[in-house]
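These notes concern the structure reproduced below.
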Amino acid sequence: MSSLINQEIYKLCHKKTVQFTPLVLFLAMLVVGIITKNGSDNRFYIEAGYAGFQWITIILIIECASMVAMEFQYGTIKHLIYESNNRMKIYLSKLLTMFLYDVLLHIFTLVFTIVIKYLTVGTNVSFSQNYLYHASLFQNLFTNTLVDFLGSLIIVSSVFMMASLMNSSAIAIAVGIGFIFIGEGLSSALISALIKKIPLIKWNPFNMLNIANQWSNPDYFSTTHLTQTQLINGNILYTLIFIVMSFLFFRKKRV
1 MSSLINQEIY KLCHKKTVQF TPLVLFLAML VVGIITKNGS DNRFYIEAGY AGFQWITIIL
61 IIECASMVAM EFQYGTIKHL IYESNNRMKI YLSKLLTMFL YDVLLHIFTL VFTIVIKYLT
121 VGTNVSFSQN YLYHASLFQN LFTNTLVDFL GSLIIVSSVF MMASLMNSSA IAIAVGIGFI
181 FIGEGLSSAL ISALIKKIPL IKWNPFNMLN IANQWSNPDY FSTTHLTQTQ LINGNILYTL
241 IFIVMSFLFF RKKRV
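With full-length UniProt numbering, letter number 37 in the sequence shown gets 37, and the count goes up by one each step, no holes.
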């Protein structure tokens, strides 16, 4: 198992897209920092990681879909199956590698936010000043990083599931991006129209994607109709469901 994980990490680290990701992420966040440095509430953009968390979502979708779908698309999965003869180990090695990459991306975003904050607003905004939930700005940034990481797990697991169903990485990426960026709006529309008739509609998987939004803006409760604790529990539950489903699809996928 460890050799498979090391192999997946090696392949991931040697991808050009992954090698340039930290630089692209930093520059994208820096642009937001420069644009918003004269804004009325710099604390909001700092706590939100200068939109770094949104970029992480796109990066994860691309890399997750590529990691699974391209193996089948180009037939390289045959070599892995021949070596280990255990699809569960192959699947788990890929999943754990992406979880580790997810952790690394969030660490990058946290560090980049601190650097960009000092580059753009300097000491005019202090990390020690109070912000949301009677906590300091840095505590809010750190907690938001953890909350977004939790929310990203449902993205990783759901994209793995979609990629296990498709042979084309491009299609898996397109569907994954659509799932994330259209899903929240679709969920909001469904809840608004059906919440009185079907209260359980608020537990749809798209609604779970609002976990970070609601942490940064508690008024999102009027959209989600779920408490933050319920969103956390929902994210964990759906992540586990998608992990199991994606493995079942991965196991039965024809080579």
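Cβ coordinates follow ideal geometry from the N, Cα and C atoms, glycine included.
No experiment lies behind these values; they were computed from the predicted model shown.
Contact check, residue i vs residue j, beta carbons under 7 angstroms
{"i": "PHE160", "j": "VAL18", "result": "no"}
{"i": "PHE221", "j": "SER164", "result": "no"}
{"i": "LYS117", "j": "ILE46", "result": "yes"}
{"i": "ILE173", "j": "ILE61", "result": "yes"}
{"i": "residue 265", "j": "SER246", "result": "Since the first and last residues shown for the chain are 1 and 255, residue 265 lies out of range."}
{"i": "VAL121", "j": "ALA212", "result": "no"}
{"i": "GLY151", "j": "ALA65", "result": "no"}
Sheet register partners of residue i (DSSP bridge)
{"i": "ASN130", "result": "SER136"}
For residue j and residue i, the rounded distance between their alpha carbons
{"i": "ASN140", "j": "LYS15", "result": "33 angstroms"}
{"i": "PHE108", "j": "ILE34", "result": "19 angstroms"}
{"i": "residue 257", "j": "LEU190", "result": "No information on residue 257 is available, as it lies outside the stretch 1 to 255 that the chain covers here."}
{"i": "ILE59", "j": "PRO22", "result": "11 angstroms"}
{"i": "SER136", "j": "VAL125", "result": "11 angstroms"}
{"i": "VAL24", "j": "CYS13", "result": "16 angstroms"}
{"i": "GLN214", "j": "GLY183", "result": "16 angstroms"}
{"i": "SER157", "j": "ASN6", "result": "20 angstroms"}
Residues near residue i in its chain [Cβ-Cβ closer than 8 angstroms; skip 5 each side]
{"i": "residue 260", "result": "This structure cannot settle anything about residue 260, because the visible part of the chain is limited to 1 through 255."}
Residues of its chain near residue i, where Cβ-Cβ distance is below 7 angstroms and the 5 sequence neighbours each way are ignored
{"i": "SER216", "result": "GLU47, ALA48 and ASN144"}
{"i": "MET166", "result": "ALA69 and ALA172"}
Distance between beta carbons of residue j and residue i, contact taken as under 8 angstroms
{"i": "GLU71", "j": "MET98", "result": "Going by Cβ atoms, the distance from GLU71 to MET98 rounds to 13 angstroms, so no, they are not a contact pair."}
{"i": "ASP102", "j": "PHE149", "result": "7 angstroms"}
{"i": "LYS202", "j": "HIS225", "result": "4 angstroms"}
{"i": "MET29", "j": "PHE142", "result": "The Cβ separation is near 16 angstroms, so there is no contact."}
{"i": "LEU200", "j": "LYS89", "result": "About 37 angstroms; that fails the 8 angstroms criterion."}
Neighbour flag for residue i against chain C, beta carbons, 7 angstroms
{"i": "GLU8", "result": "Absent here is chain C; the protein component of the structure consists of one chain."}
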